[in-house]
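**Student:** Note that the working numbering has the sequence shown beginning at 3, numbered continuously upward. Even for Gly, the Cβ is constructed at its ideal location relative to N, Cα and C. Here the structure is a predicted model, which means the values were calculated and not measured. The structure under discussion is supplied below as structure tokens; questions concerning it will follow.
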Amino acid sequence: MSQTPGETAERTTEGTAPASDTPPDAERLRRWRMVLGADSADSTGCSLTGQDAAMDGALDALYGGGAGKKPNGRGADGRSAGLGASAPSVARWLGDIRTYFPSSVVQVMQRDAIDRLGLSALLLEPEMLEAVEPDVHLVGTLLSLNKAMPETTKETARAVVRKVVEDLERRLESRTRTTLTGALDRSARISRPRHRDIDWDRTIRANLKNYLTLPAPDAATTAGETRATPTGTVVPERLIGYGRSSRSAKKDIVLCVDQSGSMAASVVHASVFGAVLASMRTLSTRLVVFDTAVVDLTDQLDDPVDVLFGTQLGGGTDINRALAYCQSRITRPADTVVVLISDLYEGGIRDEMLKRVAAMKASGVQFVTLLALSDEGAPAYDHEHAAALGALGVPAFACTPDLFPDVMAAAIEKRPLPIPDKEYQP
């Protein structure tokens, strides 16, 4: 099959009769023709007109001609095909697909165009960036091109990145704050409070199972009527107190993020979450990114766009060195959560890495390993290292952005992590 987005066959387009007015066999052929692409024109005997033809042309420019295309748009036999290397033609194609397809399909096609046709260099042109549909994967591509980006393009690139970041913040910030604030409140409660510190509302609710009915008092006669008033009491076996008010942070969070090329989407989401966590006064948040070098971006957490442009996607991986840096910054192990976000392909010293994780665990640190922080499917990762961490009591699993607040809340409260069964790999 030369064209992949089969959704095109579902649309009623101008120049084509609505499905209700088209004979069933003709409509079926039209749909197969749209799904199979231009190479099937002879076999289906169906010709396309109007918007159907325009949609088919946009799909064929990207997916037609097989896998033998080179980045410059020429096939292996030298014949011209695809989008070519012309910036104007690519701009027109980007405009076409945004006209004919929904945003989710446009993002997939843009990603395929960058991967299949080698169009990354064209993203260095401001005109191209203004034509694309922003998404997390496009941000990853722009960050990988950051060092090669001319000054005339950087402002446009930052605008594209900021749009994606703001969309993510709107989606994730409210739930993250609500979930973690509740977890912090619960973790700060006192189990043996002084009388003035007792939270009577929560204490009563926690002890309702201890309600006792007392014997009824002697009957009282009022105006010739006899009544017995039932009474009872709650026995407060467990007292719950308010957390001690303090201006200092209740928990320290360390996000240690692998910035190798395969982790691009995770870097974007981790930066957004890092900015949200840093804005909560009850948390002290540190963001560390690494490849073979280690960079502390904590002082840039007030703006996740600055954080992202401070990363450099690609290169090798030295997890041990990154964890050594994080370990050296821990001052309150019992109140610290370290989140390692990495595919665990270690280029450093494996045994030292594992010893370091074990030492942090032994000191009281809550250690979480995420193989990915994205909406992608199952990630590629080092199974041997994941199993070794699991043996230390640190399960490694992929996490979606929607699940991340629950994972952090569980780590803060020191309870079992909500590991998604299908994604967990021992």
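Taking the continuous beta strand (DSSP E) assigned at Ser-286, which residues delimit it?
**Tutor:** 285-292
**Student:** Leaving aside the five residues before and after Glu-378 along the sequence, list all residues of the same chain whose C-beta is less than 7 Å from its C-beta, in chain order.
**Tutor:** For Glu-378, the CB contacts under 7 Å within the same chain, skipping 5 residues up- and downstream, are Ala-267 in chain order.
**Student:** Going along the chain, which unbroken runs of the beta strand (DSSP E) with 3 or more residues stay wholly within the stretch 308-384?
**Tutor:** 338-343 and 368-375
**Student:** Determine the burial state of Tyr-383: buried for a count of at least 16 other Cβ atoms within 10 Å of its Cβ, exposed for fewer.
**Tutor:** The residue in question, Tyr-383, is buried, as its Cβ has 16 or more Cβ neighbours within 10 Å.
**Student:** Where Glu-132 and Ser-146 are concerned, what is the direct C-alpha to C-alpha distance, given to the nearest angstrom?
**Tutor:** 18 Å
**Student:** If you compare alpha carbons, which of Ala-400, Ala-280 and Thr-154 is closest to Leu-375?
**Tutor:** Ala-400
**Student:** Can you tell which of Tyr-347, Val-396, Ala-380 and Arg-352 has its C-alpha closest to the C-alpha of Ala-364?
**Tutor:** Val-396
**Student:** Given Ile-421, which residues of its chain have a CB within under 7 Å of its CB, disregarding the five upstream and five downstream residues?
**Tutor:** Pro-397 and Phe-399
**Student:** Measure from the alpha carbon of Ser-106 to the alpha carbon of each residue in Gln-53, Asp-117 and Val-138, then state which is nearest.
**Tutor:** Val-138
**Student:** Which residues does DSSP pair with Phe-399 in a beta bridge?
**Tutor:** Note: Phe-399 is bridge-paired with Leu-372 in the DSSP secondary-structure output.
**Student:** Return the first residue and the last residue of the alpha helix (DSSP H) that Gly-234 is part of.
**Tutor:** It is not in any alpha helix (DSSP H) - Gly-234 instead sits in the beta strand (DSSP E) that spans 233-236.
**Student:** Which residue comes first and which comes last in the alpha helix (DSSP H) that contains Thr-205?
**Tutor:** 202-208
**Student:** In the structure shown, what three-state DSSP assignment does Lys-149 receive?
**Tutor:** Residue state, collapsed to three classes: helix.
**Student:** Going along the chain, which residues of its own chain have a beta-carbon closer than 7 Å to the beta-carbon of Leu-303, five neighbours each way excluded?
**Tutor:** Closer than 7 Å at Cβ, skipping near neighbours: Gly-276, Ala-277, Ala-280, Thr-287, Leu-289 and Val-309.
**Student:** Taking 9 Å as the threshold (C-beta atoms), are Val-367 and Thr-313 in contact?
**Tutor:** no
**Student:** Ordered along the chain, which non-local residues of its own chain (more than five positions away) have a Cβ less than 6 Å from that of Asp-320?
**Tutor:** Thr-294, Gly-349 and Gly-350
**Student:** Kindly indicate which residue of Arg-323, Val-359, Met-282 and Thr-284 has the alpha-carbon position closest to the one of Val-291.
**Tutor:** Arg-323
**Student:** Taking the DSSP output, what are the residues bridged to Leu-216?
**Tutor:** Thr-233
**Student:** Report the rounded CA-to-CA distance for Met-57 versus Leu-299, giving the unit in angstroms.
**Tutor:** Their backbone Cα atoms lie some 44 Å apart in a straight line.
**Student:** Hey, how far is the Cα of Leu-210 from the Cα of Met-265?
**Tutor:** Each residue's CA atom was taken as its position, placing Leu-210 and Met-265 some 49 Å apart.
**Student:** For Asp-301, which of helix, strand or coil comes out of DSSP?
**Tutor:** helix
**Student:** Kindly identify the DSSP beta-bridge partner or partners of Val-296.
**Tutor:** Listed as beta-bridge partners of Val-296 by DSSP are Phe-292.
**Student:** Terminal residues of the continuous alpha helix (DSSP H) containing Leu-279?
**Tutor:** 266-280
**Student:** Which residues does DSSP pair with Val-255 in a beta bridge?
**Tutor:** Before going further, note that residue 255 is Ile rather than Val in the sequence given. Looking at the DSSP assignment, Ile-255 forms a beta bridge with Thr-287 and Val-339.
**Student:** Classify His-271: buried if its beta carbon has 16 or more other beta carbons within 10 angstroms, exposed otherwise.
**Tutor:** By the neighbour-count rule (16 or more Cβ atoms within 10 Å), His-271 is buried.
**Student:** Going by DSSP in three states, Asp-27 sits in which element: helix, strand or coil?
**Tutor:** helix
**Student:** Nearest-angstrom Cα distance between Gln-112 and Lys-252?
**Tutor:** Spanning the two alpha carbons is a distance of roughly 44 Å.
**Student:** Assuming the contact rule is C-beta atoms closer than 8 Å, Pro-407 and Arg-240 should be a hit. Round their C-beta distance to whole Å, please.
**Tutor:** So it is not a contact: roughly 28 Å between Cβ atoms.
**Student:** Nearest-angstrom Cα distance between Arg-32 and Asp-98?
**Tutor:** 21 Å
**Student:** Among the candidates Thr-402, Ser-262 and Ile-206, whose CA atom is the shortest distance from the CA of Val-236?
**Tutor:** Ile-206
**Student:** Please report how far the alpha carbon of Val-409 lies from the alpha carbon of Phe-369, in whole angstroms.
**Tutor:** 11 Å
**Student:** Given a threshold of 16 other Cβ atoms within 10 Å of its Cβ, counted over all protein chains shown, does Ala-411 qualify as buried or as exposed?
**Tutor:** buried
**Student:** Taking the alpha helix (DSSP H) that Phe-406 falls in, what are its first and last residues?
**Tutor:** 406-415
**Student:** Rounded to the nearest angstrom, what separates His-2 and Val-339 at their Cα positions?
**Tutor:** In the structure as shown, the chain begins at 3 and stops at 428. Residue 2 is therefore absent and cannot be evaluated.
**Student:** Going by beta carbon distance, what residues of the same chain come within less than 6 Å of Asp-79, once the five residues before and after it are set aside?
**Tutor:** In this prediction, Asp-79 has a pLDDT of 40, which is less than 50 and means its spatial position is unreliable; what the coordinates show is noted afterwards. Non-local C-beta neighbours of Asp-79 in its own chain, meaning closer than 6 Å and more than five positions away in sequence, are absent.
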